[in-house]
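Novice:
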Amino acid sequence: MVVLAVYVDDILITGSDIDGIEEAKTYLQKHFVTKYLGRPRYFLGIEIAHSKHGVSLSQRKYACDLFQEAGLLGSKPVDTPMDSNPDFWNDDGNYLEDKTKYRRLVGKLIYLTVTRPDISFAVGLVSQFMDKPRSIHWGAALRILKYIKTSPGKGLLFKRHGHVKIEAYSDADYAGSKDDRKSTSGYCTYVGGNL
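The UniProt record's numbering numbers the first residue of the sequence shown as 1 and each following residue consecutively.
1. Does the pairing of the stretch 125 to 141 with the stretch 91 to 111 give three or more beta-carbon distances under 8 Å?
2. Can you tell me which of the three DSSP states Leu-145 falls into?
3. Determine the extent of the alpha helix (DSSP H) in which Phe-88 is found, giving its start and end residues.
4. Measuring alpha carbon to alpha carbon, tell me which of Leu-156, Lys-108 and Ala-140 ends up nearest Asn-85.
5. Quick check on the DSSP output: what are the complete beta strand (DSSP E) runs of length 3 or more inside the UniProt domain "Reverse transcriptase Ty1/copia-type" (2 to 82), in order along the chain?
6. Rounded to the nearest angstrom, how far is the Cβ of Met-82 from that of Leu-125, given a contact under 8 Å?
7. What's the gap between the Cα of Ala-63 and the Cα of Asp-10?
8. Pull up the CB-CB distance for Gln-59 and Thr-115, whole angstroms please, since I reckon it's below 8 Å.
9. Residues in the same chain with beta-carbon distance under 7 Å from Trp-138, minus the five sequence neighbours each way, listed in chain order, please.
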């Protein structure tokens, strides 16, 4: 098996078929101007580390850049990504003057969920207020960053389990939102035994 991960003009080639990987590289070099950079260590803001335990993906540098951008370098970390009973739908609080700043931060948090599934639910909640964010939503987005400060290098570890079986699980509540009676759903996908 050979997998090509393509983003604009960046290509990551991986797989279990070494000959197939070499064949793909040769084909690409024959038809395009390419530069082989060796074993990947950094790709699209994601740090890749190989060890005897497997391959780990994290976004430590990306997260640290976010701390600086948000002015949180000196702030204290928090233990959870969100308050236990947030009141995001309350009409109290001022609308943010600069929606773009909020949208940019939430967009970057969404990208951080690539290697940090532990913040997915909280990021999903704050992303619901992109149109009319209030100060409470900005505070909630900053809280997610403060949570990430507890372990900015945390990420995903892909171990070898001897198979590439894909398993997916999902769940949903029924009309769980007290405000609009909408349901919330979630899912997780395992590839080769890894989340």
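From the three backbone atoms N, C-alpha and C, an ideal C-beta is built for every residue, glycine too.
Just so you know, these numbers come straight off a predicted model, no measurement behind them.
Specialist: Concretely, from the data shown:
1. yes
2. Under the three-state reduction of DSSP, Leu-145 is assigned to helix.
3. Counting along the chain, Phe-88 falls outside any alpha helix (DSSP H), and DSSP gives it neither H nor E.
4. Ala-140
5. 2 to 7, 10 to 15, 46 to 51 and 54 to 58
6. Cβ-Cβ separation between Met-82 and Leu-125: approximately 7 Å, consistent with a contact (criterion under 8 Å).
7. 22 Å
8. Taking a contact as a CB-CB distance under 8 Å, the pair Gln-59 and Thr-115 counts as one, their CB atoms being some 5 Å apart.
9. For Trp-138, the CB contacts under 7 Å within the same chain, skipping 5 residues up- and downstream, are Leu-96 and Tyr-102 in chain order.
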